[in-house]
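Engineer:
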Amino acid sequence: MKINKSLALTTALLLAVSLTSCAKPATTENAASASCAPADLSTLTKGTLTVATGEPAYDPWVSNDKPESGAGFEAAVAYAVAKQLGFESAAVKWVRTTFDSAVTPGPKTFDFNLQQYSITADRKKVVDFSSAYYFANQAIVSAKGSKIAGVTTLAGLKGAKLGAAVGTTSLDTIETQLGLKAQVFNDNAAAVTALKNGQIDGLVVDLPTAFYLAAAEVKDGIIVGQLENHDSADLGFGLLLAKDSPLTACITKAVDAITASGELKTIQDKWLTTSAGAPVLK
210 MKINKSLALT TALLLAVSLT SCAKPATTEN AASASCAPAD LSTLTKGTLT
260 VATGEPAYDP WVSNDKPESG AGFEAAVAYA VAKQLGFESA AVKWVRTTFD
310 SAVTPGPKTF DFNLQQYSIT ADRKKVVDFS SAYYFANQAI VSAKGSKIAG
360 VTTLAGLKGA KLGAAVGTTS LDTIETQLGL KAQVFNDNAA AVTALKNGQI
410 DGLVVDLPTA FYLAAAEVKD GIIVGQLENH DSADLGFGLL LAKDSPLTAC
460 ITKAVDAITA SGELKTIQDK WLTTSAGAPV LK
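Note that our numbering has the sequence shown beginning at 210, numbered continuously upward.
So this is what it looks like as structure tokens:
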């Protein structure tokens, strides 16, 4: 009888060990998901996601300088990231900063900031970045009434005189992607002058620069369209966080998730193509 009890005890112990070893451990993904829940995040204010933009913030990045509306590319991206993290729209608080102050070392007044911050090695020494949420295409700036105003296809650019600054991806785009002989300038300022004087039909620059030139530098400026090509050395725009922020991993995970799901592409198509009047030329 003693032997039977001993045998039973041994069997029970072996069974317990077996069940324990077969039990599925908590996955890293589940652990990460738990740590990225709003209640677990070390945000500036518990339960609130504080997001910064510029003062003022401009279209097409933020529509009508009202980021809380969620309208505009970066405003929409911010709310998509917040939703991915589990924050309701009402739990997102907006603050304003200058562009330069956010890139300096030290404490921040925000959880993350988005103002078209290019990810660079130098900046990463003093701040953190999420993975990229945008890579800038090239775009063609011209003026209303020009030879290429109204062009909707790459074929429509045949015979156009396009200019770009020397040594740029824009110059390579004209010559390689479009197969045209480019008018080469020392810098964008010289190319803008040539456009104003009618020496060229259009100027090729990156899309963010194109928005600025068309709105502020070129009279009756327009963006004819954008070209799906960007500098291979471009690391893209990233959400900016304080150096060694405890939020960096979760914010990056959220950006990666909306990229993988196609949501980010949908936002980009809406705010940087359709609404912005910058169609992709094909």
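For glycine and all other residues, C-beta sits at the position ideal for the given N, C-alpha and C. Quick caveat: nothing in here was measured; it's all calculated off a predicted structure.
1) Start and end of the beta strand (DSSP E) containing L506?
2) Name, in chain order, the residues that DSSP records as bridge partners for Y343.
3) Thinking K176 and T257 are a contact (beta carbons under 8 Å), I'd like their distance in whole angstroms, please.
4) Inspect the CB distances between the region 335-343 and the region 440-459 and report whether three or more fall short of 8 Å.
5) Between P276, T259 and S379, which lies nearest to P265 when the distance is taken from Cα to Cα?
6) Does the region 461-479 come close enough to the region 339-353 to have 3 or more Cβ pairs within less than 8 Å?
7) On the DSSP bridge list, what partners appear for N322?
8) Residues bridged to G372 by DSSP?
9) Taking its Cβ as the centre, do 16 or more other Cβ atoms sit within 10 Å of D320, making it buried, or is it exposed?
10) Between A300 and the ligand NAP, is the CB less than 7 Å from at least one heavy atom?
11) Since D478 sits in a beta bridge, which residues does DSSP pair it with?
12) Whether or not the region 345-356 and the region 404-424 are in contact is what I'm after, with contact meaning three or more pairs of Cβ atoms, one per stretch, closer than 8 Å; do they touch?
13) Between the region 362-375 and the region 387-405, do three or more beta carbon pairs fall short of 8 Å?
14) Looking only at its chain, what residues have a beta carbon closer than 6 Å to the beta carbon of E384, apart from the 5 residues adjacent to it on each side?
15) Out of L448, A442, N406 and V433, state which residue places its alpha-carbon closest to the alpha-carbon of F308.
16) Select from Q435, K255 and A248 the residue whose C-alpha is nearest the C-alpha of G359.
17) Here's the rule I'm using: 16 or more other beta-carbon atoms within 10 Å means buried, otherwise exposed. How should N438 be labelled?
18) Could you pull the DSSP bridge partners for G254 from this structure?
19) Under a Cβ-count criterion, where at least 16 other Cβ atoms within 10 Å of its own Cβ denotes burial, should E297 be classed as buried or exposed?
20) Check for me: the beta strand (DSSP E) holding V301 runs from which residue to which?
21) For A235 and C245, what's the separation of their Cα atoms in angstroms?
Structural biologist: On the basis of the data shown:
1) Since the displayed the chain opens at 210 and closes at 491, residue 506 lies outside it and no answer follows.
2) F446
3) This structure cannot settle anything about residue 176, because the visible part of the chain is limited to 210 through 491.
4) yes
5) P276
6) In short, these stretches touch, since the Cβ pair count reaches three.
7) A261 and L449
8) Looking at the DSSP assignment, G372 forms a beta bridge with Q392 and L412.
9) Answer is buried; the Cβ neighbour count reaches 16.
10) Ligands are entirely absent from the displayed structure, and the ligand NAP is therefore not among its contents.
11) DSSP, once it has assigned bridges, lists no residue as partnering D478.
12) yes
13) yes
14) Excluding its 5 nearest sequence neighbours in each direction, E384 has C-beta neighbours in its own chain below 6 Å: A391, listed in chain order.
15) L448
16) Among Q435, K255 and A248, the Cα nearest to that of G359 belongs to Q435.
17) It is buried - the Cβ of N438 has at least 16 other Cβ atoms within 10 Å.
18) According to the sequence shown, residue 254 is Thr rather than Gly. According to DSSP, which records beta bridges pairwise, T254 is partnered with T257.
19) Label assigned to E297: exposed.
20) V301 to R305
21) At A235 the pLDDT is 37, less than 50, meaning the model places this residue with poor confidence and gives no usable figure here.
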